[in-house]
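Before any comments, here is the structure.
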Amino acid sequence: MRILLTGRAGQVGWELERSLTPLGHVFAFDRASLDLANPDQIVGRVREVKPDLIVNAAAYTAVDRAESEPRLAMQINSAAPGILAEETKRLGALLVHYSTDYVFDGTKPSPYLETDTPNPINAYGRSKLEGERAIQGSGCRHLILRTSWIYGMRRNNFLLTILRLAREHPELRVVDDQIGAPTWCRDLATATAQIANQNANGKAEGLYHLSAAGATSWCGFAREILRVSGIDTPVRATSTNEYAALAKRPANSLLSGATIAARWRLQLPEWRNSLAICLRRSKLGHVVSEKGPE
Ligand SMILES: NC(=O)c1ccc[n+]([C@@H]2O[C@H](COP(=O)([O-])OP(=O)(O)OC[C@H]3O[C@@H](n4cnc5c(N)ncnc54)[C@H](OP(=O)(O)O)[C@@H]3O)[C@@H](O)[C@H]2O)c1
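To get my numbering, take the position in the sequence shown, counting from 1, and add 28.
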């Protein structure tokens, strides 16, 4: 199988390059070699590689910055996936794409199902929703995986930010009224490879929710990161209203994994278990001091 992967330098993309390798020949691109802001380059790369499978792990993920760059976010998160989808259809290939809990407004009191109506409350969420629609509207074979709260030991993410801040401040204040499921990028990449492999015969395409099992708040996540890391900086709970972010965030980010569990017999591990494994396997001090998050 020939596999075209975008976003190879991202959290999920980096893991995917490894998890997809057993499935075939992976042609992995970073922004420098395949810029999603350049439609001609997208078409050119896909036609050069002639993939059976395209996995789009590249995205505009700067949630706050998207408020001031909504057109760029839309171009990367909606127009580009639309072009990938057209090319996928032309080739009769399969497109795997990621979307987000931020397509929802977060007002539902229970985990979101795939059938719930999206209603994004920030520019990033709107751009990701348009990306889903562009893919669905193209008629290409596709799998859209909505996930949430991704972390790992590379790049910028909540986990690395908390580890850095805990070393710089005597106390942290973290939002406690937004709940979700922190998802380790490696779990998502491993599951993606499993699904793509099983779907070689086109068994089940469409849109699925796929995030870690369990639930916590950002505050609960921060406390667990520090507990497992043996750092005793206290974490005080604060509220969304007290924390001034440029973009609004949904209060409930929980995605029900019931559909994917039923269809694929697949469930990501409980977030706490994966966090412990992630932290244990990393040479923590080395990674954090070498590439501190913003
Ligand atoms: N992060 C989360 O919490 C979260 C939550 C829900 C869903 N998701 C979705 O999950 C997927 C993977 O996210 P992630 O956490 O792995 O994101 P990430 O770590 O921010 O990686 C995104 C990658 O996209 C690349 N990229 C950005 N603009 C590009 C462009 N114009 N052309 C080509 N590449 C470009 C980035 O390139 P550079 O390396 O050059 O920056 C980066 O390698 C995305 O679809 C995201 O929307 C993420």
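Backbone N, C-alpha and C fix where the C-beta goes; we use that ideal spot for every residue, glycine too.
- Task: Going by CA-CA distance only, name the one from Arg-36, Arg-264, Arg-73 that's closest to Asp-58.
- Result: Arg-36
- Among Tyr-126, Gln-39, Tyr-179, which has the Cα closest to the Cα of Gly-153? Tyr-126
- Query: Nearest to Gly-234 by alpha carbon, out of Ala-243, Ile-172, Asn-225, Thr-287?
  - Reply: Ile-172
- Burial state of Asn-269 (16 or more Cβ within 10 Å): exposed
- Message: Could you check if Ile-149 belongs to the surroundings of ligand 1, using beta carbon to heavy atom distance under 7 Å?
- Response: no
- Candidates Tyr-271, Ser-176, Leu-303, of which the one nearest Arg-201 by Cα: Tyr-271
- Message: To the nearest angstrom, how far is the alpha carbon of Pro-139 from that of Asn-301?
- Response: 20 Å
- Message: Using a Cβ distance threshold of 8 Å, determine whether the stretch 277-284 contacts the stretch 114-134, with at least three qualifying pairs required.
- Response: yes
- Item | beta strand (DSSP E) segment containing Ile-31, residue limits | 30-34
- Between the C-alpha atoms of Arg-30 and Glu-196, what's the straight-line distance to the nearest angstrom? 46 Å
- Item | Minimum C-alpha distance to Gln-39 - residue among Asn-185, Ile-190, Val-74, Ala-90 | Asn-185
- Query: What are the boundary residues of the beta strand (DSSP E) that Ile-82 is part of?
  - Reply: 81-84
- Select from Trp-212, Ala-240, Cys-247 the residue whose C-alpha is nearest the C-alpha of Ala-194. Cys-247
- DSSP state of Leu-238, grouped into three classes? coil
- Are at least three pairs of beta-carbons, each pair with one atom in the stretch 203-217 and one in the stretch 49-64, less than 8 Å apart? no
- Message: Among Gly-165, Asp-92, Leu-44, whose alpha-carbon lies nearest the alpha-carbon of Arg-277?
- Response: Asp-92
- Task: With a threshold of 7 Å, establish whether the CB of Thr-135 neighbours any heavy atom of ligand 1.
- Result: no
- Query: Between which two residues does the alpha helix (DSSP H) containing Val-71 stretch?
  - Reply: 67-77
- Item | DSSP bridge partner residues for Trp-212 (one or two, in chain order) | Tyr-179
- Residue of Glu-95, Phe-249, Gly-242, Ala-85 minimising C-alpha distance to Asn-150: Glu-95
- Task: State the Cα-Cα distance for the pair Pro-198 and Pro-262, rounded to the nearest angstrom.
- Result: 7 Å
- Query: Taking three-plus beta-carbon pairs below 8 Å as touching, is the stretch 157-176 in contact with the stretch 107-125?
  - Reply: yes
- Message: Rounded to the nearest angstrom, what separates Leu-187 and Arg-214 at their Cα positions?
- Response: 14 Å
- Message: Below 8 Å on the Cβ atoms is my contact criterion, and I expect Leu-32 with Val-77 to pass it. Report the Cβ-Cβ distance as a whole number of Å.
- Response: 5 Å
- Query: Under three-state DSSP, which class holds Arg-291?
  - Reply: helix
- Message: Do His-170 and Leu-122 have their beta-carbon atoms positioned less than 8 Å apart in this structure?
- Response: yes
- Task: Confirm, please, whether the CB-CB distance from Leu-119 to Ala-219 is below 8 Å.
- Result: no
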